[in-house]
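Numbering (this note's numbering), first residue to last: 259 to 423.
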């Protein structure tokens with residue numbers, strides 16, 4: 259099981275996130291995610307995902323529950339294009355669509371990301387820098403990841419910090 263601590267800069271809340279993956283086939287797996295908000299001592303999100311990985315694309319089908327929207331369905335896909343022979347610089351495009359349980363409210367998202375990875379930045383330390391643009395919200399964002407630490411921020415002033423345990 260993978261667990262992480264996540265701190266959100268807007269809500270000032272610390273969440274404990276856990277996920278577990280179960281293999282369905284060599285190129286498909288089932289994932290369950292859960293999150294506990296330490297401020298309210300209540301679950302903030304639960305989801306189940308079936309993901310299919312292929313050489314040309316990654317696809318997922320998701321059922322999510324959160325306190326605000328209750329149940330939602332989600333379809334998502336992403337594709338990476340290596341820009342260098344070693345794959346350390348990549349372009350990723352991704353899209354997702356979600357809906358409530360009666361398919362009344364529907365939302366779509368699409369984003370493009372440029373990812374730069376520096377292996378062994380220092381001894382046994384890898385760094386990844388990601389910059390992207392999300393089209394539906396028209397927001398640019400960045401991510402800096404160093405082994406277990408991840409810092410995300412966007413041009414609307416939102417930020418969060420994650421530590422993988």
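C-beta atoms are modelled at their ideal positions from N, C-alpha and C, and glycine is treated no differently.
Residue 290: member of the beta strand (DSSP E) spanning 286-295, first to last residue.
Bounds of any beta strand (DSSP E) do not take in residue 363, whose DSSP letter is neither H nor E.
Closest by C-alpha distance to residue 280, out of 288, 300 and 274, is 288. Sequence-distant Cβ neighbours of residue 309 in its own chain, meaning closer than 6 Å and more than five residues away, are 287 and 318. One Cα belongs to residue 385, the other to residue 405, and the distance between them is close to 7 Å.
Beta-bridge annotation (DSSP): residue 351 is paired with 337 and 370.
A direct Cα-Cα distance of roughly 16 Å separates residue 284 from residue 307.
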